[in-house]
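Worksheet: the structure to be examined is printed underneath.
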Amino acid sequence: MRNDHVAKTIAVYDMMAEKYAKKLNDYAPLPERERFISLLPNHAHILDVGCGPGRDADYFTANGSSVTGVDFSEKLLEIARLRVTQAIFYKQDFRSLRFSKHSFDGIWACASLLHLKRHEVSIVLNKFFQLLKSGGILFIMVKEGSGEADVAEELSFHLSRHFTYFQKEEVKHMVKDAGFEVIEQYAYNEKDRRPDHRDLWWISSFSKKP
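The letter at position 163 of the sequence shown is residue 217 when you use this note's numbering, and the numbering goes up by one with no holes.
In structure tokens form, the structure reads like this:
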């Protein structure tokens, strides 16, 4: 683990892996998963970046896709491998992904890039562009806001994780600078979907490699 902010966050995920995995199902971005699948060809090969315990990989394989998941938490990967036996999972730092160019039809990066420093995100987006096939689809979801912070919340059992927050226009520019064409981008609040959830805004971005 090269950087301290990543090392600390991954240590938290390893500590709470089993409890977190059970809780995470309630936070699945259901409309975004359906939209993502609708933009992909049949039997698409998806790279799930920051796959965690395999929640979304499970959904994608059930819909006929081939899934490769990457995460930096060994404990979460252990859960994912047991949960989604049809998928392949690797322990990789997604700042240095080790896959061939043009390997994937879609990349799903749900609430994963937000653990990086701001300057690291553009580097990762450029790598995503290389890994996608022509016409490939990229989905990213990050928290809306400003600055960076180490945050302890109920979802993480009050253990601290590092977050970087983004603005909608900033995300749009970052995606375009990496070479993608924006298909759709919007923000939503968790409470609008689940009144018992957090008052927290998310940015969802769908884009395409020309």
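C-beta atoms are modelled at their ideal positions from N, C-alpha and C, and glycine is treated no differently. None of these values were measured; they are calculated from a predicted model.
- In the three-state scheme derived from DSSP, where H, G and I count as helix and E and B as strand, Leu94 is classed as coil.
- In the DSSP assignment, Leu101 is bridged to Thr122 and Ile161.
- As for any beta strand (DSSP E) of minimum length 3 sitting wholly inside the region 193-256, the runs are 202-206, 214-218 and 235-243, ordered along the chain.
- By the 16-neighbour rule on beta-carbons within 10 angstroms, Gly190 is buried.
- Of the residues assessed, Leu84 falls on the exposed side of the cut-off, its CB having fewer than 16 other CB atoms within 10 angstroms.
- Secondary structure note for Phe143: its beta strand (DSSP E) is the uninterrupted segment Ile142 to Lys145.
- Annotation: the continuous alpha helix (DSSP H) that includes Leu185 extends over Arg172 to Leu185.
- Ala82 is the residue among Tyr67, Lys77, Ala82 and Ala65 whose C-alpha sits nearest the C-alpha of Arg247.
- The beta carbon of Leu167 is closer than 7 Å to those of Val175, Val178, Ile194 and Val196 in its chain, skipping five residues each way along the sequence.
- Annotation: Ser127 to Gln221 spans about 27 Å, alpha carbon to alpha carbon.
- Straight across, the Cα-Cα distance linking Glu86 with Cys164 is about 10 Å.
- For Thr115, the enclosing alpha helix (DSSP H) begins and ends at Arg109 to Ala116.
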